[in-house]
Amino acid sequence: MGISSIPEAIEDIKAGKFVIIVDDKDRENEGDL
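Residue numbering for the sequence shown is 1 to 33, as defined by full-length UniProt numbering.
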């Protein structure tokens with residue numbers, strides 16, 4: 001597991017997988033499902 005490109009994340013979502021989207025560590029440093 002690691003950092004994926006946007007197209008990879010889209011393919012994972014299409015495959016029914018969970019994707020966690022995180023913002024920059026210098027901002028809020030939080031993630032969303």
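Note that CB positions come from ideal geometry on N, CA and C, so glycine has one too.
The structure displayed is predicted, hence computed values, not measured ones.
Backbone CA spacing between K17 and E30 [nearest angstrom]: The straight-line gap from Cα to Cα measures roughly 20 Å.
I20 beta carbon near the ligand MN (any heavy atom closer than 7 Å): What this structure holds is no ligand at all, so the ligand MN is not there to describe.
Residues that DSSP places opposite I20 in a beta bridge: DSSP lists no partner for I20.
Identity of the residues DSSP links to D32 by a beta bridge: I21
Whole-angstrom distance between R27 and I7, CA atom to CA atom: Looking at the sequence shown, residue 7 is not Ile but Pro. Cα to Cα, P7 sits roughly 24 Å from R27.
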